[in-house]
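S.K.:
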Amino acid sequence: MEEIIIVPIVIGTLFLGLPWLILHYITKWKQAKTLTGEDEQLLDELYDTARRLEGRLHTVERIISADHPDFRPAVRSDEELAQLENTSRRN
2 MEEIIIVPIV IGTLFLGLPW LILHYITKWK QAKTLTGEDE QLLDELYDTA RRLEGRLHTV
62 ERIISADHPD FRPAVRSDEE LAQLENTSRR N
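Going left to right, the sequence shown walks through residues 2 to 92 as the numbering used here numbers them.
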């Protein structure tokens with residue numbers, strides 16, 4: 002009597018449950034590889050914030066270098082920053 006119940010359960014698990022489980026996780030892995038719209042928006046916001054902070058840092062370094070001639074700023078000149086920004090926008 003127990004064999005009658007166990008056989009359909011095993012067959013159902015092998016032919017329905019296992020393929021469903023495998024296909025379910027395959028689709029989850031494929032979705033995890035791509036960026037969602039929220040992720041892209043967050044990256045854009047982070048990029049804008051980083052660019053503004055870099056500009057502020059550059060401004061502070063220019064002010065300090067004007068007050069102290071021995072100070073050497075770590076940030077490049079305005080022309081070099083503009084060139085870097087233009088090349089990053091192209092890519």
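By construction, the Cβ of each residue, glycine as well, lies at the ideal position given by its N, Cα and C atoms.
1. In whole angstroms, give me the CA-to-CA distance for N87 and S66.
2. Along the chain, where does the alpha helix (DSSP H) that runs through H25 open and close?
3. Do you know offhand how far E46's Cα is from R53's?
4. Quick one: what does DSSP say P70 is sitting in, helix, strand or coil?
M.R.: On the basis of the supplied data:
1. Here the question's residue 87 lines up with position 86 in the sequence shown. Here the question's residue 66 lines up with position 65 in the sequence shown. When rounded, the distance between both Cα atoms is 26 Å.
2. In the sequence shown, residue 25 corresponds to position 24, counting from 1. Residues L19 to K34.
3. The residue given as residue 46 occupies position 45 in the sequence shown. The residue given as residue 53 occupies position 52 in the sequence shown. Using only the alpha carbons, I get a separation of about 11 Å.
4. Taking the sequence shown and counting its residues from 1, the one referred to as residue 70 is at position 69. The answer is coil: DSSP assigns P70 none of H, G, I, E or B.
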